[in-house]
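Taking my numbering, the leading residue of the sequence shown gets 17, the next gets one more, and so forth. C-beta atoms are modelled at their ideal positions from N, C-alpha and C, and glycine is treated no differently.
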Amino acid sequence: MPNQQLKKEMVERGKGKIAKLIGRIAIYNDSKKADLCIVLIR
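Here's what the structure looks like:
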């Protein structure tokens, strides 16, 4: 039973890391798009 709980926690932690990474990539892409728009507007 404790082993199952540990696996669950590791999976949750893994999901958290992946979500953070996706979030960072999304923010990076958004900032790049914003920079591009600013350049185009000028």
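Asked                                                                                         : Found
Cα separation between Y44 and R58?                                                            : 21 Å
Roughly how many angstroms lie between the CA atoms of E28 and P18, to the nearest whole one? : 15 Å
How many Å lie between C53 and Q21 at the Cα?                                                 : 47 Å
What residue range is occupied by the uninterrupted alpha helix (DSSP H) comprising R58?      : Where R58 is concerned, there is no enclosing alpha helix (DSSP H), given that its DSSP letter is neither H nor E.
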